[in-house]
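Residues in the sequence shown are numbered consecutively from -8, following the numbering used here. Heads up, the beta-carbon is just placed ideally off N, CA and C, and yes, glycines get one too. Notes to accompany the following structure.
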Amino acid sequence: MFAQQPLASIALSDKPTPEQVATPAATLHAGHSDSDSASDSASSDSASGSASSSSSASASGSASSSGSASSSSDTSPSSDAAKPYDALLLASFGGPNKPEDVMPFLRNVVRGKNIPDDRLEQVGEHYYGFGGRSPINEQNLALRRALATELRARNINLPVIWGNRNWHPFTVDALRDASAFGAQRVLTIVTSAYASYSGSRQYREDLASARTELIESGFNAVDIDIVRPFFNSPGFVDANVAAISDAAASLQGGLDRVHVVYVTHSIPDTMQEASAVTGPGYREQHEDVRAAIDETLRERYGIIVSSSLAYCSRSGAPHTPWLEPDINDHLKELANGGISRVVIAPIGFISDHMEVIYDLDTEALETARGLGVDAVRAATAGIRSEFVASLVDLVVERAARERGENPPTTTAGALGAFPDVAPPGSCRMRHGEVTGIPIVGSTADELAFPTEGH
């Protein structure tokens, strides 16, 4: 069918041009080695992921932090910690790379939702204000390099590939490369920490569609598993604790007695309700992270801290209820209540993409200034070492279970680890709504591939 070459032998450039990032990957080139936003939101980038590619979706399993390829003369024994997986896929949302990309990208985001172009043009202004380029792709590349580096440091030979739901490199491009170069089983990290329709099930739909397209185009099928939601992984919580502490240092009075506003992407109330059918819902997951961070801040720094949860990036019809309060409205409430020092902590996102740099850095901070509130925005988890290490821990944990072992699960907060395999009917757009759209990464479900049981 297609000539195969071990994925582990491929090393790639980590400095793609904008044109390369924007081009679908068809081949792997040898060289030197993303709450996701709500599906109804036309402005969404989703939580960023990771990557390092010369042609967009190509593999980067042997990369080091400096970008040099691993040497074939390296005699260090390779760990089997990632077996039975042949590659690690970073599945992200995607974003435009230049002004000409903005409208086609937004049409992909809202495909099937009958949203007129004049509404998309309004959303597009957010991107045009930053040169028509979303930062999500470079951030995916950075996290992908960091994951490859952490895997290499542990002697784990697992190439990292990258694909997006809504823009180049698309998921199918990444899987096509993986299949052509011999991968049979791929583990996926979705670049959304939380479980909901837009942050979980919609990615499972995209993966199923990509897998079908892969087979129909003559490539060998690739089996796909998905890492469990990682909102309560210790590394994610610790990375946010450190980011809040760093941000508060720029406020007069520092961290003690500051108010932390945790922010995530709003979703429709119906989506929130559907997310809670088979386990803790989207809002409850965030409240658990909030409580875990608050507790760690108090214990680690011996401070008094108060906090609240707010939302950003609401879209859709005005009459449709979405999770509230909006961050801007909430800042007004805090100011009216006498709160004068605030750290805005975007725990709903894993990198500083469009929702963060526009909705928070532009709009929310401007609102705070107008209210006389001394506010600063904390960084996202990004490529902080504790977060990257925690993601690799989850890869190793899942691989061990697939080998029949019983590794321990470590979580922060009170909710415990979510299952590897999503329960039937979980995270629908609306509870009870059966769309007939196939998914991967679930147990026996009317929408799952019949062969999907991992």
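- For THR311, the three-state secondary structure derived from DSSP is coil.
- A distance below 9 Å separates the beta carbons of TYR194 and ILE217.
- Distances from the alpha-carbon of LEU406 to those of LYS104, HIS277, LEU138, ASP92 put HIS277 closest.
- Just measuring C-alpha positions, the residue of GLY272, ASP279, ALA240 sitting nearest ARG248 is ALA240.
- Annotation: the continuous beta strand (DSSP E) that includes THR179 extends over 176 to 181.
- The C-beta of ARG291 has fewer than 16 other C-beta atoms within 10 Å across all chains shown, which makes the residue exposed.
- Taking the CA atoms as reference points, ALA369 sits about 16 Å from HIS256.
- Annotated three-state conformation of VAL251 is strand, per DSSP.
- Boundaries for ASP350: no beta strand (DSSP E) harbours it, and the DSSP string shows neither H nor E there.
- By the Cβ neighbour-count rule, ALA144 is exposed, with fewer than 16 other Cβ atoms within 10 Å of its own.
- In the structure shown, TYR292 adopts helical secondary structure according to DSSP, grouped into three states.
- The C-beta distance from ARG332 to ASP384 rounds to 35 Å, too long to meet the 8 Å contact threshold.
- For the pair ARG135 and SER342, the Cα-to-Cα distance works out to about 12 Å.
- Looking at the DSSP output, ASN155 sits in a beta bridge with SER83, PHE161.
- DSSP, read as helix, strand or coil, puts HIS422 in coil.
- VAL431 carries a coil assignment under DSSP once its states are collapsed to helix, strand and coil.
- Here SER183 is not near MET262, since their CB atoms are 9 Å or more apart.
- In the DSSP secondary-structure assignment, LEU300 is bridged to TYR253.
- Assigned with DSSP and collapsed to three states, VAL101 falls in coil, not helix or strand.
- Using a 10 angstroms sphere on the CB of VAL425, the tally of other CB atoms stays under 16, which defines it as exposed.
- In the three-state reduction of the DSSP assignment, VAL228 falls in the helix class.
- The beta-carbon separation of SER298 and TYR253, rounded to 6 Å, stays under the 8 Å limit for a contact.
- Per DSSP, reduced to three states, the secondary structure at PRO337 is coil, with no helix or strand assignment.
- Contact between VAL93 and TYR119 holds, with the beta-carbon distance rounding to 7 Å and staying under 8 Å.
- Annotation for VAL218: no beta strand (DSSP E) segment contains it, and DSSP assigns it neither H nor E.
- Shown here for LEU198: same chain residues with a beta carbon closer than 6 Å to its own, the five before and five after excluded, namely ILE215, VAL431 in chain order.
- Look at PRO126 here: in three-state DSSP terms it is coil, with no helix or strand label.
- The residues ASN223, SER224, PRO225, ALA408, in chain order, have a CB closer than 8 Å to that of THR402 in the same chain once the five nearest residues on each side in sequence are set aside.
- A Cβ-Cβ separation of about 17 Å leaves ALA82 out of contact with ALA390 under the 8 Å criterion.
- Judged by DSSP in its simplified three-state form, VAL213 adopts coil rather than helix or strand.
- Nearest C-alpha to ALA165 among SER236, ASN105, SER376, ARG202: ARG202.
- Counting C-beta pairs with one atom in each stretch, the segment 315 to 331 and the segment 269 to 276 have fewer than three that are closer than 8 Å, which means they do not touch.
- Going by DSSP, VAL387 is part of the alpha helix (DSSP H) stretching over 376 to 393.
- Taking C-alpha positions only, ALA169 is separated from PRO429 by approximately 21 Å.
- Excluding five sequence positions before and after ASP237, the CB atoms of its chain that fall closer than 8 Å to its own CB belong to ALA369, ALA370, given in chain order.
- With 16 or more neighbouring CB atoms inside 10 Å of its own CB, HIS117 falls in the buried class.
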